[in-house]
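Residue numbers (the working numbering), protein chains in the order written: chain A, 1 to 345; chain B, 1001 to 1426.
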């Protein structure tokens, strides 16, 4: 495997006691630094930091950027003011979910889309219809997530103001560095974005500030557990993103993404087809009494398991599944309310 | 300034005028907006018609108003360099005798080919001519149809005939004779009817201009508002549904049903707000360049050209393919030579190509008028609804490009009006 280092790679390599790595979005990231379960518990009980430089980020700029993003996204981008963001999806013409992410407005004609899976080619071509340019943020910027009950305290200890509403961001000049502090994540924590050259310094500062709160670096596996505990279906991990030209794609409704769609926003692509789509299937959380994750795939005739992991915080295996409404479940599985664990923000 | 109507028809083409008449018949107030000074669109210059919708001719009372055919079916003539031209008359037995001078086997095959072509055409006619479900041709025809869907016109004709002139003359009816499925274009031509004859190519007394006048009178009598020199600049939407149009003068006309004579590409890319047809659909239309172009040149001649076998459809079978039709002009002593050529050849190249068969052609030309249009890939396997409706609610297509194969027909206009009127309560 060819290593594609994130800006934090040198520090992550030093902290990665197990030398366990895996690829994500083309980047090489730590699977875990020491022990997945203790890292996942740190997310829930103390504080953790994670390298999130693998997330797909794109800057969209142009005089008609607001118009384009209102057409693309399932919420009205024109209503965002600079410094604000929303979580939304983008759909195919036929109303299938192509992707979902956070759209932040940086300026009057400038937006930033952050998502866990890239849809660069299609969005860039669509943007060109509106004379809007798409530029991917790749090696020039790194990001660290700071999550857990002591995330705010850690941020405060860093010398940053933790009083930042959810789904907003702030650009700050922080002790000699240009950084952006945002609150886009599902875990109620913070993200700290910095220039590549400053990344090791930022890592060191976070480790130092977090030491008082038992902050641990968390690898991909621990973050995946925390993410699954939020009960949100993710592209690639949980569903094959819809593509135009293919007959079927998952609707927002069967993925439980209802909150990402503003049905009062009348302009977005695929709206009519999405609203007309049947709502006979729904996303549910499942839990078992055992520790073994449920296998992916069909559960009887009720539906199918999307993904399943062992949750150390809940001491049992949890799973996301899509089922027919009201269909009976096999023995040994129970429906768990989503999210599996509420965030402590 | 603003006005309101039940329906707006963009473009006073044959299809647009037909749509306006049918919308009036359904009791809707209609405004036709034509960019140029005259109604009739490309029909005004047309000399031969092969696809005029018989229902439209009847329902608009065009025959009653004086529509006359000057020729009910023009024979197809394959022009040959050596002067032994191949004349394909309507009667397959007469045509077979002409073919026998070239090949006895082809003469035999032609009778079978003709029967097969017309049988397939009759089976597929409901599908192409009405808003009908795909017909299920029985047994042998079903197989033949499935084969033709993947067969090019050239390959199909090549399997039937050995005479080059015969193959080239017949293949001219398919705009992309080498494309898979283009054999169906020949079947589609045979499925049309003119003057009650299947697969005929007719000439109208007075030419296309006469048809335009009659159509205009019929639509006017039905009470539609006809406006010329009214160029539509953009489509106005309300909540992604058609709401009206804006003219280049800034004037707005509002209606919840809009029918466009323009092609799907021009309607959705030039008139509708960016990507309002859906992002993927818009990208598909933007990135798919028109496959080829077709040039139509009308030469005005001061004397009848010495072309053999006129009146007829003359197809040059050697060298660059082109079709020529000679008609007497409305000015005494003058003749019109209408040439249709694939691609965009210059006037000189076209004249040189024809002068091999019509000596002194060049010296008789007093005027030439050319127009070029994109030839889009035909929609021979699409249902009428798929060809006519658009992703924008309330917007339908009624022009020549909404036909299964681009043609002056009026059928798409009739069907579009039915679809638009059906949505009345919606």
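Beta carbons: idealized from backbone N, C-alpha and C, even for Gly.
Between the stretch 315-335 of chain A and the stretch 1230-1246 of chain B, the count of Cβ pairs shorter than 8 angstroms is below three; the stretches do not touch. Sequence-distant partners of residue 1160(B) (beyond 5 residues in either direction) whose C-beta falls short of 6 angstroms from its own C-beta, in its chain, are 1109 and 1113.
Around residue 1249(B), no beta-carbon contact reaches into chain A at under 9 angstroms, the shortest distance being about 25 angstroms.
In chain order, 129 and 130 make up the part of chain A whose C-beta sits under 7 angstroms from the C-beta of residue 1274(B). Residue 1416(B) is positioned such that its CB atom lies closer than 8 angstroms to that of residue 1259(B). For residue 74(A), no Cβ of chain B is located within less than 8 angstroms of the residue's own Cβ.
Under DSSP, no beta-bridge partner is assigned to residue 1398(B).
Within the DSSP bridge table, the entry for residue 1335(B) names 1301(B) and 1328(B) as partners. Looking at the backbone, the Cα of residue 1177(B) and that of residue 1405(B) are separated by about 13 angstroms.
Sequence-distant Cβ neighbours of residue 265(A) in its own chain, meaning closer than 6 angstroms and more than five residues away, are 75 and 76.
Interface residue (Cβ-Cβ distance to chain B less than 8 angstroms): residue 269(A) is classified as such. In this structure the stretch 179-187 of chain A touches the stretch 162-169 of chain A; the number of beta carbon pairs closer than 8 angstroms is three or more.
For residue 1172(B), the number of other beta carbons within 10 angstroms of its own is at least 16, and it is reported as buried. Among the residues facing chain A, residue 1279(B) is included, as its CB has a counterpart in that chain under 8 angstroms away. The C-beta separation of residue 1341(B) from residue 1320(B) comes to about 7 angstroms, placing the pair in contact by the 8 angstroms criterion. Positions of the beta strand (DSSP E) runs, each at least 3 residues long and wholly inside the stretch 1232-1277 of chain B, are given as 1232-1238, 1241-1247, 1252-1254 and 1257-1260 in order along the chain.
Across the set 1330(B), 1226(B), 1150(B) and 1024(B), the C-alpha of 1226(B) shows the shortest separation from the C-alpha of residue 1037(B). When only Cα atoms are considered, residue 13(A) and residue 205(A) end up about 17 angstroms apart. Just measuring C-alpha positions, the residue of 1223(B), 1066(B), 1095(B) and 1076(B) sitting nearest residue 1025(B) is 1223(B). Here residue 1087(B) is actually not in contact with residue 1096(B); their C-beta atoms are around 12 angstroms apart, not less than 8 angstroms.
With respect to the 8 angstroms criterion, residue 1011(B) and residue 1216(B) are not classified as neighbours on the basis of their beta carbons.
Here residue 1182(B) has 1152, 1153, 1174 and 1176 as same chain residues with Cβ atoms under 6 angstroms from its own Cβ, once five neighbours each way along the sequence are excluded. Taking each of 1385(B), 1299(B), 1400(B) and 1409(B) in turn and checking the Cα distance to residue 1418(B), the smallest one comes out for 1385(B). The beta carbon of residue 115(A) does not come within 8 angstroms of any beta carbon belonging to chain B, so the residue lies off that interface. Considering only beta carbons, no part of the stretch 1165-1178 of chain B lies closer than 7 angstroms to chain A. The beta carbons of residue 1316(B) and residue 1353(B) sit closer together than 8 angstroms. Assignment of beta-bridge partners to residue 1147(B) by DSSP yields no partner. The Cβ of residue 92(A) sits closer than 8 angstroms to at least one Cβ of chain B.
C-alpha of residue 1083(B) to C-alpha of residue 1357(B): approximately 8 angstroms in a straight line. As the crow flies, the alpha-carbon of residue 1198(B) is around 6 angstroms from that of residue 1192(B). Any Cβ of chain A closer than 8 angstroms to the Cβ of residue 1283(B) would place that residue at the interface, and such an atom is present.
If you draw a straight line from the Cα of residue 1362(B) to the Cα of residue 1163(B), it comes to about 30 angstroms.
For the C-beta of residue 1239(B), the chain A residues within less than 7 angstroms are, from N- to C-terminus, 266. When rounded, the separation of the alpha-carbon atoms in residue 258(A) and residue 1018(B) is 45 angstroms.
Within chain B, no residue has its CB atom less than 7 angstroms from the CB of residue 44(A), the nearest being about 40 angstroms off.
Residue 1080(B) sits close to residue 1318(B), with the two beta carbons spaced by under 8 angstroms.
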